[in-house]
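Order-wise, the sequence lines are chains Z and F. If you read the first sequence in the UniProt record's numbering, its first letter stands for residue 1, the second for the next number, and so on. If you read the second sequence in the UniProt record's numbering, its first letter stands for residue 1, the second for the next number, and so on. Each residue gets a CB set at the ideal place from its N, CA and C atoms; glycine is no exception.
There are 2 protein chains.
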Amino acid sequence: MTSPKYRSHFSLANIPFGVASSPKHTIQCATRLDNTVVFLGILQQAGTFEDVRGLPSDVFNRPTLNEFAALDKPIQREVRARLQLLLTDDLPPGSTEDISSVILHMPVSVGGFTDFSCSLHHVRNAGRAILNDETPPPGFFNFPIAYNGRASTVVVSGTPIVRPKGHIIDRTAPTEKKPIVFGPSKAMDYELEVGVIVGKPVPREKGVAARDADEHIFGMVILNDWSARDIQGCEMVPLGPLNSKSFGTSISPWIVTLDALQSFKAPGPTRDIVLANHLEDITIVEASYDISLKVDLMANENTTTLSRSNFRDLHWSGRQMVAHAASSGSDMRTGDILGTGTVSGSEQGSYGCLLEMTNGGKEPVVLEKGLKRVFLEDGDVVQMTALAGKDGSGVGFGECVGQLLPAL
Amino acid sequence: MTSPKYRSHFSLANIPFGVASSPKHTIQCATRLDNTVVFLGILQQAGTFEDVRGLPSDVFNRPTLNEFAALDKPIQREVRARLQLLLTDDLPPGSTEDISSVILHMPVSVGGFTDFSCSLHHVRNAGRAILNDETPPPGFFNFPIAYNGRASTVVVSGTPIVRPKGHIIDRTAPTEKKPIVFGPSKAMDYELEVGVIVGKPVPREKGVAARDADEHIFGMVILNDWSARDIQGCEMVPLGPLNSKSFGTSISPWIVTLDALQSFKAPGPTRDIVLANHLEDITIVEASYDISLKVDLMANENTTTLSRSNFRDLHWSGRQMVAHAASSGSDMRTGDILGTGTVSGSEQGSYGCLLEMTNGGKEPVVLEKGLKRVFLEDGDVVQMTALAGKDGSGVGFGECVGQLLPAL
Numbered sequence: 001m002t003s004p005k006y007r008s009h010f011s012l013a014n015i016p017f018g019v020a021s022s023p024k025h026t027i028q029c030a031t032r033l034d035n036t037v038v039f040l041g042i043l044q045q046a047g048t049f050e051d052v053r054g055l056p057s058d059v060f061n062r063p064t065l066n067e068f069a070a071l072d073k074p075i076q077r078e079v080r081a082r083l084q085l086l087l088t089d090d091l092p093p094g095s096t097e098d099i100s101s102v103i104l105h106m107p108v109s110v111g112g113f114t115d116f117s118c119s120l121h122h123v124r125n126a127g128r129a130i131l132n133d134e135t136p137p138p139g140f141f142n143f144p145i146a147y148n149g150r151a152s153t154v155v156v157s158g159t160p161i162v163r164p165k166g167h168i169i170d171r172t173a174p175t176e177k178k179p180i181v182f183g184p185s186k187a188m189d190y191e192l193e194v195g196v197i198v199g200k201p202v203p204r205e206k207g208v209a210a211r212d213a214d215e216h217i218f219g220m221v222i223l224n225d226w227s228a229r230d231i232q233g234c235e236m237v238p239l240g241p242l243n244s245k246s247f248g249t250s251i252s253p254w255i256v257t258l259d260a261l262q263s264f265k266a267p268g269p270t271r272d273i274v275l276a277n278h279l280e281d282i283t284i285v286e287a288s289y290d291i292s293l294k295v296d297l298m299a300n301e302n303t304t305t306l307s308r309s310n311f312r313d314l315h316w317s318g319r320q321m322v323a324h325a326a327s328s329g330s331d332m333r334t335g336d337i338l339g340t341g342t343v344s345g346s347e348q349g350s351y352g353c354l355l356e357m358t359n360g361g362k363e364p365v366v367l368e369k370g371l372k373r374v375f376l377e378d379g380d381v382v383q384m385t386a387l388a389g390k391d392g393s394g395v396g397f398g399e400c401v402g403q404l405l406p407a408l
Numbered sequence: 001m002t003s004p005k006y007r008s009h010f011s012l013a014n015i016p017f018g019v020a021s022s023p024k025h026t027i028q029c030a031t032r033l034d035n036t037v038v039f040l041g042i043l044q045q046a047g048t049f050e051d052v053r054g055l056p057s058d059v060f061n062r063p064t065l066n067e068f069a070a071l072d073k074p075i076q077r078e079v080r081a082r083l084q085l086l087l088t089d090d091l092p093p094g095s096t097e098d099i100s101s102v103i104l105h106m107p108v109s110v111g112g113f114t115d116f117s118c119s120l121h122h123v124r125n126a127g128r129a130i131l132n133d134e135t136p137p138p139g140f141f142n143f144p145i146a147y148n149g150r151a152s153t154v155v156v157s158g159t160p161i162v163r164p165k166g167h168i169i170d171r172t173a174p175t176e177k178k179p180i181v182f183g184p185s186k187a188m189d190y191e192l193e194v195g196v197i198v199g200k201p202v203p204r205e206k207g208v209a210a211r212d213a214d215e216h217i218f219g220m221v222i223l224n225d226w227s228a229r230d231i232q233g234c235e236m237v238p239l240g241p242l243n244s245k246s247f248g249t250s251i252s253p254w255i256v257t258l259d260a261l262q263s264f265k266a267p268g269p270t271r272d273i274v275l276a277n278h279l280e281d282i283t284i285v286e287a288s289y290d291i292s293l294k295v296d297l298m299a300n301e302n303t304t305t306l307s308r309s310n311f312r313d314l315h316w317s318g319r320q321m322v323a324h325a326a327s328s329g330s331d332m333r334t335g336d337i338l339g340t341g342t343v344s345g346s347e348q349g350s351y352g353c354l355l356e357m358t359n360g361g362k363e364p365v366v367l368e369k370g371l372k373r374v375f376l377e378d379g380d381v382v383q384m385t386a387l388a389g390k391d392g393s394g395v396g397f398g399e400c401v402g403q404l405l406p407a408l
């Protein structure tokens with residue numbers, strides 16, 4: 001289920017793609033205008049896209065967007081242009097429903113989920129919080145560092161997240177050597193990220209240069225990389241995170257295309273070193289996007305805004321993430337998700353996870369009505385939103401929301 | 001293509017499952033007796049399995065084994081028993097071909113690939129080689145440590161592997177701070193592993209106890225976790241391996257079922273600490289299998305046996321790997337592969353990768369005719385084989401073979 005309150009995110013300038021169903025409509029690809037969900041399978045059957053060259057018949061009458069996302073960009077652009085024209089007019093009967101009566105599903109089938117760490121502020125803030133050392137990881141400025149997450153547990157916004165159990169170092173033990181115990185995480189965190197959705201695949205052993213990689217990016221979503229910090233601290237050396245992340249990752253239901261984001265280009269980061277050729281990005285002045293991100297925490301019926309950050313502060317672009325992941329010979333498949341890693345700014349109020357906000361769990365965050373949080377408590381709802389450009393831009397991502405449920 | 005030389009691995013006591021095609025047969029599920037490939041789609045159409053309760057019609061007329069692997073064990077056992085009876089007799093015409101005229105394909109569609117590090121000898125040997133420190137990783141004795149690999153690049157035996165390019169620390173640079181450069185790996189290695197194939201799925205948030213997890217293991221294959229050690233050394237801190245492994249992972253084509261391995265049970269490891277309840281394994285005397293593993297290197301037309309080790313020396317079982325991966329709430333899906341990590345023994349001749357054999361690249365291995373290797377050279381062929389029990393047991397895995405091709 002989804003909320004009607006993001007009406008202003010979905011103007012004619014957006015035309016996002018998702019997957020929807022309702023009592024009246026079988027599951028199929030859809031778009032959204034204001035608070036109206038438009039069922040694209042119905043539109044295609046009515047002949048709306050008949051003269052779009054290269055568009056497979058019945059491509060929208062599918063439970064995922066993968067087949068459409070894999071197409072060449074000009075075909076996707078033509079569909080978008082057609083929709084922008086059409087949606088100003090009356091639509092065929094039975095092709096629309098109000099957002100409040102519709103169920104939104106995972107927009108793509110996810111074959112691979114690779115999570116990066118693209119924010120210099122995040123690695124500095126997190127390093128300071130955990131190790132009292134701001135030094136970024138050794139390769140940070142040379143390539144976007146990343147690990148593979150669990151693709152099967154990427155879930156759509158609204159899906160509850162159960163507090164995971166795992167192995168944890170018991171730092172309260174009176175012994176000098178702290179024992180490892182198994183139990184529910186006591187350090188549940190969110191990570192405010194953006195997920196890049198791979199469109200047209202990159203074949204194995206072909207690679208792709210960052211400057212050409214937009215052709216392989218269908219669009220972007222908000223991504224919450226739920227993290228159990230205590231499990232992570234116990235398992236991460238030397239092979240990286242596994243069970244501290246694999247229990248669930250949430251994404252927003254509407255994929256905002258790069259075409260919709262064209263008007264919101266922003267300068268990318270400056271760099272001190274020369275990159276490998278395949279990582280050299282497009283011209284710096286439009287290498288990023290101006291996308292405001294926000295995290296709200298709903299705790300005991302009060303809502304507190306925890307942080308505001310911006311996509312343009314990332315040190316690496318989606319194009320560079322794709323180029324790096326494909327650079328040693330791996331393919332990239334349609335529906336693969338590449339997470340940016342936590343999008344943080346340099347100061348309090350712009351930190352994209354509680355680990356940073358609480359300085360590693362040492363300084364509680366004060367919420368509305370004096371409530372405090374070090375990490376998430378059962379019942380807490382984390383709501384992330386994203387908007388391109390300024391208020392009224394008409395291009396937003398809606399929300400990525402999830403409630404933390406007690407351990408089983 | 002596959003070699004006829006493993007005839008003795010595939011007696012009536014084995015009955016492995018794979019996927020095959022030929023000019024005469026469309027791609028479908030198959031088994032192998034001696035050097036004869038038996039096409040199970042054809043057999044099922046001929047009515048062979050008609051009275052096997054719960055077996056879906058046409059389950060073998062598929063390009064992967066996933067649908068069959070997901071079934072309850074009693075159904076799979078009944079099919080195996082039926083085949084053991086049937087194969088002693090004449091088979092329906094057109095249902096068999098000699099192994100030499102058949103193409104073997106990936107036996108399952110792999111949704112997730114998680115690679116563990118279950119060998120205490122390997123972590124000690126590798127630690128000594130890289131860091132001059134044998135201390136296992138912090139959690140090693142508490143749970144089987146692991147990372148997620150790239151599922152889309154798991155390939156079937158016989159598929160060539162292209163030497164990957166990646167970011168590497170240039171240790172030859174005259175500067176004090178060694179620069180990171182991008183280029184072809186100069187430290188290509190193999191890792192001798194066994195892959196556990198998930199059968200009946202484990203739902204999200206359900207978990208499974210190790211002692212019950214055999215129900216979710218369809219069978220096992222040989223797995224070569226090709227590794228670019230120099231790329232790995234540059235990227236691994238702090239998020240673990242990514243591009244140093246994601247270019248390709250090879251598996252043997254025939255899945256040997258746990259039923260076929262029943263006669264080869266062997267004692268598991270002794271432990272000093274009490275495990276979390278879900279990791280407590282079945283009775284120690286039959287917690288493992290006696291499976292001999294061997295690596296041969298074919299270089300310049302000479303074959304040298306590089307190592308022999310045994311599955312029973314692993315510190316963690318396949319059941320424990322499944323239980324750990326599902327313990328924080330992740331599902332396990334049919335076709336997921338869980339790699340054991342390098343299977344090594346405690347002494348030279350039993351080390352499962354070149355990193356260990358060459359003491360971190362410092363001491364070359366001497367091959368037949370005086371050739372030497374520190375790491376793999378272009379054109380080298382790595383061939384891994386595995387046999388349950390002693391010579392003549394009749395239950396083997398055949399081979400997992402791959403040639404290293406020059407960087408593109």
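Return the chain-ordered list of same chain residues with a C-beta closer than 6 Å to the C-beta of residue i, the five sequence neighbours on each side being excluded.
i: PHE264 of chain F; result: TYR289, ASP290, ALA388, GLY389
i: GLY360 of chain F; result: ALA129, ILE130
i: THR385 of chain F; result: LYS294, GLU399
i: MET106 of chain Z; result: VAL156
i: LEU376 of chain F; result: MET188, LEU404
Going by the CB atoms, is the gap between residue j and residue i shorter than 7 Å?
i: ASP331 of chain F; j: VAL202 of chain F; result: yes
i: VAL208 of chain F; j: ALA70 of chain F; result: no
i: VAL38 of chain F; j: THR31 of chain F; result: yes
i: ASN66 of chain F; j: GLY335 of chain F; result: yes
i: THR114 of chain F; j: ALA151 of chain F; result: no
i: PHE104 of chain Z; j: PRO241 of chain Z; result: Note on identity: in this sequence residue 104 of chain Z is Leu, with Phe being the wrong assignment. Not a contact, by the Cβ cut-off of 7 Å.
i: VAL314 of chain Z; j: SER119 of chain Z; result: For the record, residue 314 of chain Z in the displayed sequence is Leu; it is not Val. Yes.
i: ASP281 of chain F; j: SER317 of chain F; result: yes
If residue i sits next to residue j, beta carbons under 8 Å apart, how far is it from one beta carbon to the other, in whole angstroms?
i: PRO137 of chain F; j: VAL295 of chain Z; result: Not a contact, Cβ separation roughly 33 Å.
i: MET220 of chain F; j: VAL196 of chain F; result: 6 Å
i: SER246 of chain Z; j: GLY402 of chain Z; result: Wrong, their Cβ atoms sit about 15 Å apart, outside the cutoff.
i: LEU40 of chain F; j: PHE60 of chain F; result: 4 Å
i: ASP380 of chain F; j: LEU297 of chain F; result: 6 Å
i: LEU12 of chain Z; j: GLN76 of chain Z; result: LEU12 of chain Z to GLN76 of chain Z, Cβ: 17 Å. No contact.
Below 8 Å CB to CB, which residues in the same chain sit around residue i once its five sequence neighbours on both sides are set aside?
i: VAL123 of chain F; result: SER117, PRO136, PRO137, PHE140
i: residue 482 of chain F; result: In the structure as shown, chain F starts at 1 and stops at 408, and residue 482 of chain F therefore has no counterpart that could be examined.
Counting only beta-carbon separations shorter than 7 Å, does residue i have a partner in chain Z?
i: ALA276 of chain F; result: yes
i: PHE182 of chain F; result: yes
i: HIS315 of chain F; result: no
i: TYR289 of chain F; result: no
i: PHE143 of chain F; result: yes
i: SER119 of chain F; result: no
i: ARG124 of chain F; result: no
Closer than 7 Å, CB to CB, is residue i near chain B or not?
i: SER250 of chain F; result: Although the question refers to chain B, the structure presented lacks it and instead comprises the protein chains Z and F.
Are any of the Cβ atoms in chain F nearer than 7 Å to that of residue i?
i: LEU297 of chain Z; result: no
i: SER309 of chain Z; result: no
i: ILE282 of chain Z; result: no
i: ASN148 of chain Z; result: yes
i: SER109 of chain Z; result: no
i: HIS137 of chain Z; result: It should be pointed out that residue 137 of chain Z corresponds to Pro in this sequence rather than to His. So, interface residue.
i: PHE247 of chain Z; result: yes
With a CB to CB cut of under 7 Å and the five nearest residues on each side skipped, what residues in its chain are close to residue i?
i: ALA326 of chain Z; result: VAL202, GLY207, VAL208, MET332
i: PHE311 of chain F; result: VAL194, SER288, TYR289, ILE291, LEU293, VAL343
Exercise for the section: Anything in the region 157-190 of chain Z with a Cβ closer than 7 Å to a Cβ of chain F? List those residues in chain order, please. Expected result: VAL162, PRO164, LYS165, GLY166, HIS167, ILE180, PHE182
Practice task
With 9 Å as the limit, tell me which residues of the region 222-236 of chain F have their beta carbon closer than that to any beta carbon of chain Z; keep them in chain order.
Solution key: ALA228, ILE231, CYS234, GLU235, MET236
Exercise for the section: Identify each residue in the region 192-206 of chain Z for which the Cβ-Cβ distance to at least one residue of chain F is less than 7 Å, and report them in chain order. Expected result: Residues ARG204, GLU205.
Exercise for the section: Select from the UniProt domain "Fumarylacetoacetase N-terminal" (13-107) of chain Z all residues with a C-beta closer than 7 Å to any C-beta belonging to chain F, and list them in chain order. Expected result: none
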